[in-house]
């Protein structure tokens, strides 16, 4: 999986990543060549952070290119849609 970061124009090949973790508002990635990369992911909720890690884990060993900003927008949109659906169910709609 290739992850493209628009803000700093980083292109990261996550097939060579050893550890990927979210620390506060950053993604920390340790690579096989002892390089560490830190990417700011903005204000994400804990649920959105978990979704981002799950997304990366799911696609890590596949031949795909993703733009981080697009992935975050999709996760936020999915989270908002789920939240609205749950609110409707809670109101008996």
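In the working numbering, the protein residues as written are 859 to 951. Every residue gets a Cβ at the ideal spot worked out from N, C-alpha and C, and that includes glycine. Just so you know, these numbers come straight off a predicted model, no measurement behind them.
Range of the contiguous alpha helix (DSSP H) that encloses residue i
| i | result |
| --- | --- |
| residue 910 | 904–917 |
Secondary structure of residue i, DSSP reduced to three states
| i | result |
| --- | --- |
| residue 894 | strand |
| residue 899 | coil |
| residue 920 | coil |
Burial state of residue i (16 or more Cβ within 10 Å)
| i | result |
| --- | --- |
| residue 885 | buried |
| residue 877 | exposed |
| residue 903 | exposed |
| residue 859 | buried |
| residue 869 | exposed |
| residue 921 | exposed |
Element boundaries [beta strand (DSSP E), containing residue i]
| i | result |
| --- | --- |
| residue 872 | From DSSP, residue 872 is part of no beta strand (DSSP E); its letter is neither H nor E. |
| residue 925 | 923–925 |
Residues sharing a beta bridge with residue i, DSSP
| i | result |
| --- | --- |
| residue 888 | 877 and 894 |
| residue 862 | 869 and 925 |
Expected contact under 8 Å - CB spacing of residue i and residue j to nearest Å
| i | j | result |
| --- | --- | --- |
| residue 875 | residue 889 | 6 Å |
| residue 926 | residue 897 | 7 Å |
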